[in-house]
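Asks: Counting from 1, position 426 in the sequence shown corresponds to residue 412 in my numbering; the numbering is continuous, with no gaps. Glycine included, each C-beta is placed from N, C-alpha and C at the ideal position. Quick caveat, the model's predicted, so the values are computed rather than measured. My structure is below; once you've seen it, I'll send some questions.
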Amino acid sequence: MNVEELILKYALINAYTHKGRANPKAVIGKVLGENPELRPKAKEVIPLVNEIVEKVNGMSIEEQGAKLREIYPEFFEAKKEKKEEKKGLPPLPKAEKGKVVTRFAPNPDGAFHLGNARAAILSHEYARLYGGRFILRFDDTDPKVKRPEPKFYEWIKEDLEWLGFKVDEVHIASDRLEIYYRYAEELIKGGKAYVCTCPPEKFRELRDKGIACPHREEPVEVQLERWRKMLNGEYREGEAVVRIKTDLKHPNPAVRDWPALRIIDNADHPRVGDKYRVWPLYNFASAIDDHELGVTHIFRGQEHAENETRQRYLYDYFGWEYPQTVHHGRLSIEGVILSKSKTRKGIEEGKYLGWDDPRLGTIRALRRRGIRPEAIRELIIDVGLKRSDTTISWDNLAAINRRIIEPVANRYFFVADPIPMWIEGAEEFTAEVPLHPDHPERGVRRLKFVPGKPVYVSKDDMELFKPGNFVRLKDLFNVEIVEVSEEGIKARFHSVDYEVARENRWRMVHWVTEGKPCEVLVPEGDELVVRKGLLESDAEVSVDDVVQFERFGFVRIDEVTPEKVVAIFAHR
């Protein structure tokens, strides 16, 4: 490998790993650091580095990747090996092959999002890793504050299926109320729980002082009578609560005699209507079901540590063994909304298009944006079991997704904000462009230039279109800019040969002839920018295709009608 090839290799590596922009100083450092025999020639090498870096930075990141793969394929092989070494999860504590049972217990009060996905993916991956079972349990026993909705039960199942989950069992908490009642009564009979009829503010006052509620030590017969009144409707909402007896001096007041079941008037639950008035709270229903369903390992956020403290009282009272708990931190993604309440509010106010708005972090939104399920799973597994909160950048997810879709996404020309360009002196020409540069077997697209008819170029390239400048229309020919006006651009045919453009470092632009109208929705922070333009007229795209609009980015096709194509921008 001669000096120029060596510099080109390092420049391409640096550019490809830094969003398409190589840093000359970094390239010089690599060239001289790893090839000390070149140090005496540094004065000659440095200008050559600057020249080659400038050429490399003039390429698109796709062109950089293709060139790097051509001259130094070992880079991608080493990167793949390194990635595979990193992959994988650590061993699960106290796990036996064939005996691991995990669960994911979402509340169907909103769409499944990337933050939820951490516990879900870890639970599923470990169940599969150990040849065990994975349970989906809908935690839907709060018909008042976190009210479930019918569509979310189905959406969550669809999202898990799309992510590649194999669900072994599905259970719905609202179908299991009689089971919770049975355990509640057993605890009351055993003196481990009681019915409290104190006003909420009075109980909080006593609890914070570590003083027992006056109902705590009343006879079991009295407690059971109150329990029957709760079930029979003789108490109204807020008048009676079943509490689990705990340590009244526990340092955390929230643990002291925590509430297990409460009354909800006119529940109007979407599945069971008003059949029940007494509803279990999260900690009671979840703890009972984890035992009943044989769960051996629980993956939960660090913020749920207090819940585990509460639930262990139940397990001790019944003589059960508490599942192994694996705590992890919260997962968030920079600039992307995950909160269900904020999402719901935004939808109600008309700020978002729906639960699959591409600005959001729901699984449905990521899917609509062209993110592949393998990318989401890989991201979660890479983050692993860190107990600290983790904020990932969109670039992290995009990098994984790009590696997955780049080999399979067909290429097309899309011209945003099109401007007509009339070209003098050019003959009719049909450009044959590969659907994918690395896979000629997929065929070509044909873009026809007809003299007298304009081609359309993007307003984004306007800085290049100045009289006297030369540009290359990609896969077509080179032109000289003659005139720029409000009506468009006039140009003159110069030459066909690509080498002429390369040697003169003329910039390359994309173009279409009579393209079909196309809109790309581009999420930019909290805004959704609509880029209108033209797509190749013969582009064969269907809804759900993920393709690359060259020099623009990867997109997922969202809508195809005779009038236009609508796409969602994924990433570059």
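Would you tell me roughly how many angstroms separate the C-alpha atoms of Val443 and Pro404, rounded to the nearest one?
Replies: As a first step, residue 443 is located in the sequence shown; it is residue number 457 there, counting from the start. As a first step, residue 404 is located in the sequence shown; it is residue number 418 there, counting from the start. Going by the C-alpha atoms only, they are around 5 Å apart.
Asks: Give every residue of the same chain whose Cβ lies closer than 7 Å to the Cβ of Gly117, excluding the five residues on either side of it in the sequence, and list them in chain order.
Replies: For the purposes of this step, residue 117 is identified with residue 131 of the sequence shown, where counting begins at 1. The answer, listed in chain order, is Lys83, Gly84.
Asks: Within the continuous beta strand (DSSP E) that includes Pro26, where are the two ends?
Replies: Here residue 26 corresponds to residue number 40 of the sequence shown, with the count starting at 1. Pro26 -> no beta strand (DSSP E), and no H or E assigned at all.
Asks: When you compare only the Cα positions, how much space is there between Arg330 and Val495?
Replies: By 1-based counting over the sequence shown, the position of residue 330 is 344. By 1-based counting over the sequence shown, the position of residue 495 is 509. Whole-angstrom Cα-Cα distance: 42 Å.
Asks: CB Ala253 to CB Pro129, shorter than 9 Å?
Replies: Taking the sequence shown and counting its residues from 1, the one referred to as residue 253 is at position 267. Taking the sequence shown and counting its residues from 1, the one referred to as residue 129 is at position 143. Contact flag set, yes.
Asks: Looking at the unbroken beta strand (DSSP E) that takes in Leu247, where does it start and where does it end?
Replies: Reading the sequence shown from its first residue, position 261 is the one you call residue 247. That run of the beta strand (DSSP E) goes 245 to 249.
Asks: Could you tell me how far apart the beta carbons of Pro76 and Leu371 are, in whole angstroms, since I believe they sit closer than 8 Å?
Replies: Counting from one through the sequence shown, the residue named residue 76 turns up at place 90. Counting from one through the sequence shown, the residue named residue 371 turns up at place 385. Pro76 to Leu371, Cβ: 7 Å. Contact.
Asks: Give me the Cα-Cα distance between Glu164 and Tyr262, rounded to the nearest whole angstrom.
Replies: In the sequence shown, residue 164 corresponds to position 178, counting from 1. In the sequence shown, residue 262 corresponds to position 276, counting from 1. For Glu164 and Tyr262, the distance between alpha carbons rounds to 10 Å.
Asks: By DSSP, does His277 sit in helix, in strand, or in coil?
Replies: On the sequence shown, residue 277 is found 291 positions in, with the first residue counted as 1. If DSSP states are grouped into helix, strand and coil, His277 belongs with the helices.
Asks: For Ile366, which option in Phe463, Asn490, Glu111 has the closest C-alpha, if you only look at C-alpha atoms?
Replies: Position 380 of the sequence shown, counting from 1, holds the residue named residue 366. Measuring from the Cα of Ile366, the nearest candidate turns out to be Glu111.
Asks: Assuming Phe400 and Phe535 are in contact, meaning their beta carbons sit under 8 Å apart, how far apart are those beta carbons, in whole angstroms?
Replies: Locating residue 400 in the sequence shown gives position 414, counting from the first residue. Locating residue 535 in the sequence shown gives position 549, counting from the first residue. Rounded, the Cβ-Cβ distance is 4 Å, consistent with contact.
Asks: Does the count of Cβ pairs from the region 178 to 187 and the region 138 to 158 closer than 8 Å reach three?
Replies: Not touching, per the Cβ criterion.
Asks: Which residue from Ala8, Arg558, Glu23, Val208 puts its Cα closest to that of Glu392?
Replies: Taking the first residue of the sequence shown as position 1, residue 392 is located at position 406. The residue with the shortest Cα to Cα distance from Glu392 is Arg558.
Asks: Using the rule of at least 16 other Cβ atoms within 10 Å of the residue's Cβ for burial, across every protein chain shown, is Met216 buried or exposed?
Replies: For the purposes of this step, residue 216 is taken as the residue at position 230 of the sequence shown. Met216 is buried by the Cβ-count criterion.
Asks: When burial is assigned at 16 or more other CB atoms within 10 Å of the CB, is Lys439 buried or exposed?
Replies: Against the sequence shown, residue 439 aligns to sequence position 453. With fewer than 16 other Cβ atoms within 10 Å, it is exposed.
Asks: If we ignore side chains and look at the alpha-carbon of each, how far apart do Arg353 and Arg123 end up?
Replies: The count along the sequence shown starts at 1 and reaches residue 353 at position 367. The count along the sequence shown starts at 1 and reaches residue 123 at position 137. So the alpha carbons of these two residues sit roughly 23 Å apart.
Asks: Please confirm whether Glu522 and Lys502 have their CB atoms less than 9 Å apart.
Replies: The count along the sequence shown starts at 1 and reaches residue 522 at position 536. The count along the sequence shown starts at 1 and reaches residue 502 at position 516. Yes, Cβ-Cβ distance for Glu522 and Lys502 is below 9 Å.
Asks: Is the beta carbon of Glu225 closer than 9 Å to that of Thr282?
Replies: Position 296 of the sequence shown holds residue 282. Position 239 of the sequence shown holds residue 225. No. Outside cutoff.
Asks: Let me make sure I understand the geometry here. Which of Val419, Val264, Tyr308 has the alpha-carbon closest to that of Glu171?
Replies: Residue mapping note: residue 171 aligns to position 185 of the sequence shown, counting from 1. Looking at the Cα atoms, Val264 is the closest of the given residues.
Asks: Return the residue from the list Ala417, Glu23, Gly511, Pro426 that minimises the CA-CA distance to Val498.
Replies: Position 512 of the sequence shown, counted from the start, is the residue given in the question as residue 498. The candidate whose alpha carbon is nearest that of Val498 is Ala417.
Asks: Would you kindly check if the distance between the Cβ of Asn382 and the Cβ of Gly356 is under 9 Å?
Replies: For the purposes of this step, residue 356 is taken as residue 370 along the sequence shown, with counting starting at 1. For the purposes of this step, residue 382 is taken as residue 396 along the sequence shown, with counting starting at 1. No, they are not a contact pair.
Asks: Using a Cβ-Cβ cutoff of less than 7 Å, which residues in the same chain neighbour Arg133 once the five nearest sequence positions on both sides are dropped?
Replies: Taking the first residue of the sequence shown as 1, we reach residue 133 at position 147. Here the set comprises Asp95.
Asks: Is DSSP giving Met45 helix, strand or coil here?
Replies: In the sequence shown, residue 45 corresponds to position 59, counting from 1. Three-state DSSP puts Met45 in coil, outside helix and strand.
Asks: Looking only at its own chain, which residues have a Cβ that is under 6 Å from the Cβ of Asp125, when we skip the five neighbours before and after it?
Replies: Taking the first residue of the sequence shown as position 1, residue 125 is located at position 139. So the qualifying residues of the chain are Ala91, Asn93, Ala159.
Asks: Determine the extent of the alpha helix (DSSP H) in which Tyr180 is found, giving its start and end residues.
Replies: The count along the sequence shown starts at 1 and reaches residue 180 at position 194. Careful: Tyr180 lies outside any alpha helix (DSSP H), inside the beta strand (DSSP E) at 179 to 182.
Asks: Beta carbon of Val457, beta carbon of Leu450: below 9 Å?
Replies: Numbered from 1 along the sequence shown, position 471 holds the residue referred to as residue 457. Numbered from 1 along the sequence shown, position 464 holds the residue referred to as residue 450. Yes, these two residues count as a Cβ contact at 9 Å.
Asks: Which residue's Cα is closest to the Cα of Ile319: Tyr303, Ile349, Tyr301, Gly340?
Replies: As a position in the sequence shown, residue 319 is number 333, starting the count at 1. When each option's Cα is compared against that of Ile319, the closest is Ile349.
Asks: Let me know the secondary structure DSSP gives Asp544 once reduced to three states.
Replies: Along the sequence shown, one-based indexing puts residue 544 at 558. Strand, per DSSP.
Asks: Look up Pro92 in the DSSP assignment and say whether it is helix, strand or coil.
Replies: Start at 1 with the first residue of the sequence shown, and residue 92 comes out as number 106. In the structure shown, Pro92 sits in coil (DSSP, three-state: anything other than H, G, I, E or B).
Asks: With a CB to CB cut of under 6 Å and the five nearest residues on each side skipped, what residues in its chain are close to Arg25?
Replies: Position 39 of the sequence shown, counted from the start, is the residue given in the question as residue 25. Only Leu18 meet the Cβ criterion.
Asks: Quick one: grab the DSSP three-state call for Arg162.
Replies: In the sequence shown, residue 162 corresponds to position 176, counting from 1. Coil, per DSSP.
Asks: Provide the residue span of the alpha helix (DSSP H) that contains Asn382, from first to last.
Replies: Here the question's residue 382 lines up with position 396 in the sequence shown. Counting along the chain, the alpha helix (DSSP H) containing Asn382 begins and ends at 380 to 391.
Asks: Considering only the alpha carbon of each residue, which of Asn396, Pro426, Ala385 lies closest to Thr3?
Replies: Within the sequence shown, the letter at position 17 stands for residue 3. Checking every option, the nearest Cα to that of Thr3 belongs to Ala385.
Asks: Measuring straight from C-alpha to C-alpha, what distance separates His290 and Lys460?
Replies: By 1-based counting over the sequence shown, the position of residue 290 is 304. By 1-based counting over the sequence shown, the position of residue 460 is 474. So the alpha carbons of these two residues sit roughly 56 Å apart.
Asks: DSSP three-state label for Lys337, please.
Replies: Walking along the sequence shown from the start, residue 337 turns up at place 351. DSSP places Lys337 in coil when its eight states are reduced to three.
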